[in-house]
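Report on the structure given below.
Protein chains in written order, with our numbering: chain A, 1 to 352; chain B, 1001 to 1314.
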């Protein structure tokens, strides 16, 4: 259960990351507010692990992933990758650092330049960061194409000639070209159909084993995250509400939002499906430009208390390696273990 | 790395330009346009060596000769030595077309390339660098709101004599006309290019290039420019046409090349007042202008298709 061996050293340390986008309005285009897409997020990604980042649409997952590679200028906070604070680097120093961190994008159609051949696309990182000869680059591109399972003969073709899964493989090959340590996978499977999803996820797992990669796997597909991730972080409205090892999170979620999210996962067995109790949240996600006072989830939480509307809950380690930001576990800190155990027992009953 | 991968590695890749050529060949209009453009270019470049008649030579006794195709069937004044006839001062029309073509084509192409360069540069800078967008686009609006002909007239008056003194009468006026047309016709290209750059900039492959660490310079040349080729190509073909026509208008107003210096536009305008009696003097230069413009249009169309890998079907 506690497989997130705390002895491992963190490759990525994110502390209080904030990504706010200004809103301009009115005749003079004055700044009237900001969209708090990511609002004070802290987590570690350990070397060789896969951290799953889940949450509903618009909760700031992708923004968080992009801010991590500083594709946006972060508003506040620090991102330490491999010992260097990315958020504070100058442009030139950042460019030097780019090879250690790469990204696989959501839409394989949009993330490949339609005017470049596969060869040119995979070769671009090599052009930018290495001084290999044309022949060496060609060879390296072929090796990468082998690694992601693309036929070498496709090197001269253009992206539009490929299927979605093949395009995603091209994107992965490009991300691998510089032997990165850390790859942000921004919903790499969301645009693919199910059989291809499995192929791509298995490919990602194989490559992780082969090259010792560390992933931040952003997804809204909870069952896929369960399959690939070692630890899972749940985001709601720009904040991480729960962060735990995979098994612990799926067996005994601590935050009411995680509970609701997990109860929405479809059950493949129809006889069990009928018995599943869904927690249906009322209302909509509040606007990230104007988040509620206190806990972000207080407007929809089924277990809301008075304190939730006033005080923002701090993230605390409720159990070893299992973090949650909820007042529920602050008050009942003594009884927390007991209720969780009970919930776990319930869960097992449901499972059987 | 190993022997086996190296032998596998040598896969013959066909040069992309052969595919472009193959696609270009399938566009019938483009092929015909290309053939005509080559023909007319050879006509104006090689023509003077084959048809050695002085275009400027006045021959009052042989004035107002009709072309041979009328002379053969009607009882009019004509001669084999002047197959397309002569004008009211006895200048050979064929020789005038050849010499005028040289000037018109040179002005058209140079002015088009200049305005395309300016338009693309300003459009790309405005679209890519947010900080420059406001100022460059307001500048574009400003230039666009200026009336074209009065500006050109003022430019002619101000700069004609210094340029003539510096480069000689012909080169001086050529530079003046080309730069005049060039810097008054880049605005539409700039607007179109900016709009396209703004749209393409938000696509994920640009973000991917940023995550690789591609600097803005190469981002523009590698990712943005190839994707705005089509609108640039279209405005290039339109630009050539409007450059030739603007030059004609300037010549017509007497502010272009000196009066003894033929261009297609000037031959056309000189003959307009006697168009009813001598239609051939209008038809030939008119045909030259419109067919050149049309063929360039078709070539642009074919090239746009041929350069797009999606249409090329690869």
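Note that CB positions come from ideal geometry on N, CA and C, so glycine has one too. Computed from a predicted structure; not experimentally measured.
When the beta-carbon positions are compared, residue 84 of chain A and residue 45 of chain A stay at least 8 Å from each other. Residue 132 of chain A has its alpha-carbon roughly 31 Å from the corresponding atom of residue 202 of chain A. Setting aside the 5 residues that flank it on each side, residue 1051 of chain B is surrounded in the same chain by 1094, 1095, 1098, each with a C-beta closer than 7 Å to its C-beta; the list follows chain order.
Straight across, the Cα-Cα distance linking residue 1023 of chain B with residue 1080 of chain B is about 44 Å.
Distance from the CA of residue 52 of chain A to the CA of residue 186 of chain A, rounded to the nearest whole angstrom, comes to 10 Å. Residue burial annotation: residue 1021 of chain B is exposed, with fewer than 16 other C-beta atoms found within 10 angstroms of its C-beta. At a cut-off of 8 Å, the C-beta of residue 71 of chain A has a neighbouring C-beta in chain B.
Residue 33 of chain A sits away from residue 18 of chain A, with the two beta carbons spaced by 8 Å or more. Against chain B, the CB of residue 56 of chain A has no partner CB under 8 Å away; the residue lies outside that interface.
Residues of the stretch 117–133 of chain A whose Cβ lies closer than 9 Å to any Cβ of chain B, in chain order: 117, 119, 120, 121, 124, 125, 127, 128, 129. Distance check between residue 123 of chain A and each of A:171, A:293, A:197 places A:171 closest, using alpha-carbon atoms only. Listed in chain order, the non-local C-beta contacts of residue 1239 of chain B below 8 Å within the same chain comprise 1111, 1112, 1115, 1116, 1185, 1189, local neighbours out to five positions each way being set aside. For residue 113 of chain A, the neighbours in chain B by C-beta distance under 7 Å run, in chain order, 1205, 1223. Rounded to whole angstroms, the gap between the alpha carbons of residue 1123 of chain B and residue 116 of chain A is 22 Å. In the three-state reduction of the DSSP assignment, residue 1143 of chain B falls in the helix class. Among the bridge pairs identified by DSSP, residue 1078 of chain B is matched with B:1066. It is roughly 32 Å from the alpha-carbon of residue 22 of chain A to the alpha-carbon of residue 244 of chain A.
For the stretch 144–169 of chain A, the residues whose beta carbon sits under 9 Å from a beta carbon of chain B are, in order, 146, 152, 153, 155, 156, 157, 158, 159, 160, 161. The Cβ-Cβ distance between residue 184 of chain A and residue 69 of chain A falls below 8 Å.
Its chain contains 52, 54, 217, 219, 232 as the residues whose beta carbon lies nearer than 7 Å to that of residue 225 of chain A, once the 5 sequence neighbours on both sides are disregarded; these appear in chain order.
Not flagged as an interface residue toward chain B: residue 19 of chain A, since no C-beta distance is shorter than 8 Å. For residue 55 of chain A, the three-state secondary structure derived from DSSP is coil. For the set B:1194, B:1206, B:1255, B:1208, the Cα lying nearest the Cα of residue 1231 of chain B is the one of B:1194. Sixteen is the threshold: since fewer than 16 other Cβ atoms of the shown chains lie within 10 Å of the Cβ of residue 9 of chain A, the residue is exposed. Taking a contact to require three or more Cβ pairs closer than 8 Å, the stretch 1131–1143 of chain B and the stretch 1204–1220 of chain B do not qualify as touching. Put simply, the CB of residue 1209 of chain B is near chain A, with a gap under 8 Å to one of its CB atoms. Nearest to residue 93 of chain A by C-alpha distance, out of B:1109, B:1292, B:1215, B:1299, is B:1215.
Against chain A, the CB of residue 1212 of chain B has a partner CB under 8 Å away; the residue lies at that interface. Nearest to residue 302 of chain A by C-alpha distance, out of A:194, A:24, A:319, A:283, is A:283. Taking a cut-off of 8 Å on C-beta distances, the stretch 1270–1285 of chain B does not touch the stretch 1214–1228 of chain B, as fewer than three cross pairs fall below it. With a threshold of 8 Å between beta carbons, residue 197 of chain A makes no contact with chain B. Distance from the CA atom of residue 1026 of chain B to the CA atom of residue 1101 of chain B, rounded to whole angstroms, is 30 Å. Under the DSSP assignment, residue 317 of chain A falls in the beta strand (DSSP E) whose first and last residues are 316–319. Under DSSP, the beta-bridge partners assigned to residue 185 of chain A are A:104, A:217. Residues are counted here when their Cβ sits less than 9 Å from a Cβ of chain B; for the stretch 74–99 of chain A these are 91, 94, 95, 96, 97, 98, 99, given in chain order. Among the residues facing chain A, residue 1227 of chain B is included, as its CB has a counterpart in that chain under 8 Å away.
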